[in-house]
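Here the structure comes first, spelled out in structure tokens, and everything after it is commentary.
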Amino acid sequence: MTAKIPWVGTSWKMHKTMAEARAFAAELGRSAFAASDAVKTFVVPAFPSIATVAGVLAGTRVLIGAQNMHWEDEGAWTGEVSPLMVTDCGAELVELGHSERRGFFNETDETVALKVEAALRHGLMALICVGDTIAEYEAGATAEVLATQARRALARVGRQAQGRALIAYEPVWSIGDHGVPASPEFADEQHRRLKVVAAEVAGAELPIIYGGSVNLQNCRDFALQPHIDGLFVGRAAWDAGDFIAILDRVVGALRR
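In this note's numbering, the protein residues as written are 3 to 258.
This is the structure we're talking about:
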């Protein structure tokens, strides 16, 4: 049986100066994982650092992403960044629909769908975030909430999403300073259900990765679950050495 090749990445949120971003990228670029085909590594810097990180990691297998973008190519959208600008900076992937964007910046399922459509139109890999709140989790509504978010995010692209989109399940109650990780078994069951939903809309299963208080201690347990196709790591991967250690542990676990 061939070992699965996981997606493993990190988003820096609103962290790292240009110098810090450059140093992180340089250390990752010197690691074995910069050229490895055993893992699909990606890094999502803050907007000002995208071009710098992309330049340092040019020629490696590491994908560079953006944390958000607008759906229009240009226009009177003060403070926004277009898909053309994202690709011009060297990004190949864009994170869309994160719960912080939904909660603090009023993003809706409809705007996420518009952004997914724009991402694919411009050749970007769409990393679609879905997640349940603690109230939804306690009400037993997780599967329904995730299915609705995924269906609506993919509604405008359908089969075009095949090979061009992946979904990150990030429970809202698992991220942030006081987040508690989902159990690997619970996360795996949500991924199994999401794969069915994605196949209904896109005509094929899409990769589903887990994010939510992932760290060096639990990354292996999540990665070994049959329906979890990778990990989206937060603060535990903001130090390059720690990120490399997580990559090493995940790849090592899947090769056994």
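All C-beta atoms in this analysis are idealised placements derived from N, C-alpha and C, irrespective of residue type, glycine included.
These numbers were taken from a predicted model, which means no experiment stands behind them.
DSSP has residue i in a bridge; who is on the other side?
{"i": "F234", "result": "G11"}
{"i": "E97", "result": "L129"}
{"i": "I210", "result": "I169"}
If distances are taken between C-alpha atoms only, which option among the options comes closest to residue i?
{"i": "V147", "options": "H72, V88, V174 and Y212", "result": "V174"}
{"i": "I7", "options": "D39, L30, A21 and T19", "result": "D39"}
{"i": "A128", "options": "V118, N220 and I52", "result": "V118"}
{"i": "R63", "options": "G77, V96, A36 and V45", "result": "A36"}
{"i": "R251", "options": "L218, A242 and R154", "result": "L218"}
{"i": "R258", "options": "I210, G160, R222 and G99", "result": "R222"}
{"i": "G81", "options": "C91, T89 and N70", "result": "N70"}
{"i": "G254", "options": "V41, F107, H180 and T110", "result": "V41"}
{"i": "R104", "options": "W240, V132 and H180", "result": "V132"}
{"i": "E74", "options": "A189, L86 and L65", "result": "L86"}
Would you say residue i and residue j are within 7 Å of each other, going by their C-beta atoms?
{"i": "G232", "j": "I177", "result": "no"}
{"i": "L168", "j": "A204", "result": "no"}
{"i": "R195", "j": "A143", "result": "no"}
{"i": "A21", "j": "V55", "result": "no"}
{"i": "V235", "j": "T43", "result": "no"}
{"i": "P47", "j": "W79", "result": "no"}
{"i": "A93", "j": "L59", "result": "no"}
{"i": "A115", "j": "V88", "result": "no"}
{"i": "A266", "j": "E97", "result": "With the chain running from 3 to 258 in the structure shown, residue 266 is simply not present."}
{"i": "A53", "j": "C91", "result": "yes"}
{"i": "L256", "j": "A5", "result": "yes"}
{"i": "A289", "j": "I211", "result": "The first residue shown for the chain is 3 and the last is 258, placing residue 289 beyond what the model contains."}
So, is residue i buried or exposed, given that buried needs 16 or more other C-beta atoms within 10 angstroms?
{"i": "P228", "result": "exposed"}
{"i": "F245", "result": "buried"}
{"i": "V182", "result": "exposed"}
{"i": "A137", "result": "exposed"}
Does the beta carbon of residue i sit closer than 7 Å to a beta carbon anywhere in chain B?
{"i": "I7", "result": "In the displayed structure, chain B is absent; only one protein chain is listed."}
Is there at least one non-hydrogen atom of the ligand MN closer than 6 Å to the beta-carbon of residue i?
{"i": "M87", "result": "The ligand content of the structure shown is nil, which means the ligand MN is not present either."}
* **Whole runs of the alpha helix (DSSP H) within the region 144-169, excluding any shorter than 4 residues** => Counting only runs of 4+ residues, the alpha helix (DSSP H) found wholly inside the region 144-169 occupies 144-156, in chain order.
* Asked: Which whole runs of the alpha helix (DSSP H) in the region 17-85 are 4 residues long or more, in chain order?
  -> Taken in chain order, the complete alpha helix (DSSP H) segments of 4 or more residues contained in the region 17-85 are 20-32 and 52-58.
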